[in-house]
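Student:
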Amino acid sequence: MSLIINPFDYLTYMQLRQDNILQDITPKDMPLEKGLIGVYCGDGDQLTDVIKHTLSMFAQNNVPPRPHIIALNGGPLLIHPKSPVHNGTVMDNIVESERMKAIDTVVLQIHIPCGKAAKYDISLPQAMQLTIAAKEYVKGMYGYKVLCLLHVDRTSLAGPNALEGKRTYFFSAKKAAEWLRDHEHKAPATKSRPAKPLMKLVPPGGA
Ligand SMILES: [Zn+2]
Numbered sequence: 000m001s002l003i004i005n006p007f008d009y010l011t012y013m014q015l016r017q018d019n020i021l022q023d024i025t026p027k028d029m030p031l032e033k034g035l036i037g038v039y040c041g042d043g044d045q046l047t048d049v050i051k052h053t054l055s056m057f058a059q060n061n062v063p064p065r066p067h068i069i070a071l072n073g074g075p076l077l078i079h080p081k082s083p084v085h086n087g088t089v090m091d092n093i094v095e096s097e098r099m100k101a102i103d104t105v106v107l108q109i110h111i112p113c114g115k116a117a118k119y120d121i122s123l124p125q126a127m128q129l130t131i132a133a134k135e136y137v138k139g140m141y142g143y144k145v146l147c148l149l150h151v152d153r154t155s156l157a158g159p160n161a162l163e164g165k166r167t168y169f170f171s172a173k174k175a176a177e178w179l180r181d182h183e184h185k186a187p188a189t190k191s192r193p194a195k196p197l198m199k200l201v202p203p204g205g206a
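Counting in this note's numbering, the sequence shown runs without a single skipped number right up to 206 at its last residue.
1) Contact defined as beta carbons within less than 8 Å: I believe Cys147 pairs with Lys134. What is the distance between those atoms, to the nearest angstrom?
2) Can the beta-carbon of Lys100 be found less than 9 Å from the beta-carbon of Gly158?
3) For Ser96 and Ile36, what's the separation of their Cα atoms in angstroms?
4) Are there 16 or more other CB atoms within 10 angstroms of the CB of Arg180, so buried, or fewer, so exposed?
5) Look up Pro6 in the DSSP assignment and say whether it is helix, strand or coil.
6) In angstroms, rounded to a whole number, what distance separates the CA positions of Leu15 and Leu21?
7) Less than 9 Å between the beta carbons of Ile109 and Leu129, yes or no?
8) Assess contact between the stretch 163-171 and the stretch 58-72, defined as three or more Cβ pairs (one per stretch) separated by less than 8 Å. Is contact present?
9) Would you mind stating whether Asp152 and Ile4 have Cβ atoms separated by less than 9 Å?
10) Can you look up Pro203 in the DSSP assignment and give me helix, strand or coil?
11) Whose C-alpha, out of Gln59, His85, Phe7, Leu162, is nearest the C-alpha of Asp28?
12) Nearest by alpha-carbon distance to Arg98: which of Gly114, Leu10, Tyr143 is it?
13) For Gly205 and Lys81, I'd like the C-alpha separation in whole angstroms.
14) Would His182 and Ala132 be called neighbours here (beta carbons separated by less than 9 Å)?
15) Between which two residues does the beta strand (DSSP E) harbouring Thr104 extend?
16) Cys113 to Ala175, Cα distance in whole Å?
17) Does DSSP put Phe169 in a helix, a strand or coil?
18) On the DSSP bridge assignment, give the partners of Ala161 in chain order.
19) Mark Pro75 as exposed unless 16 or more other C-beta atoms lie within 10 angstroms of its C-beta, in which case mark it buried.
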């Protein structure tokens with residue numbers, strides 16, 4: 000059974016679109032000549048569309064496709080050591096892939112609705128924050144170029160929203176971080192727990 004975007008994430012997504020934090024176009028200056036290391040969630044309902052978009056990025060940049068995919072559940076959410084779903088296997092595989100293939104462009108793609116995020120009560124703002132922290136970590140530690148993307152599947156929504164289907168957006172980590180700070184999103188309360196603010200993450204090299 001495929002998942003449905005929860006109302007909080009959907010409203011956040013609509014606001015992000017309205018504020019131009021989410022953009023359709025992948026930056027042209029992303030170096031894709033050597034290929035890319037794609038850190039994606041393994042979600043079988045989405046991966047076909049995700050790969051289609053990945054191939055289109057190579058086409059946009061007029062370079063032959065060379066996607067090297069690392070697809071564990073949750074994808075980029077697993078990277079930062081302080082993430083509640085941290086799994087060092089992902090970072091190990093990024094470094095190993097760079098050494099084996101000499102690809103130093105890393106694409107961190109999160110998505111909604113994500114089963115892994117739902118299981119651990121990670122809202123869209125928190126998932127974006129974890130992705131931004133992962134970008135800083137990967138860049139700071141290894142100097143790789145990092146691109147952040149969000150994949151959205153609206154096909155399970157009711158009404159006209161469903162017609163928009165699936166789409167992949169680019170977001171600037173800097174602008175998104177400012178937006179998240181300005182909006183101070185909290186994950187919505189559920190029966191089992193109160194609302195919780197964004198996670199505090201310490202940048203690499205920090206206290
Ligand atoms: Zn997922």
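Every residue, glycine too, gets a C-beta built ideally from N, C-alpha and C. Since the model is a prediction, treat every value here as computed from it, not as a measurement.
Tutor: Walking through what the data contain:
1) 6 Å
2) no
3) 7 Å
4) exposed
5) helix
6) 6 Å
7) yes
8) no
9) yes
10) With a pLDDT of 47 at Pro203, under the threshold of 50, the modelled position of this residue cannot be trusted; read the value that follows with caution. In the structure shown, Pro203 sits in coil (DSSP, three-state: anything other than H, G, I, E or B).
11) Gln59
12) Tyr143
13) Its pLDDT being 44, under 50, Gly205 is placed unreliably by the model, and nothing is read from it.
14) no
15) 104-111
16) 20 Å
17) strand
18) None, per the DSSP bridge assignment.
19) buried
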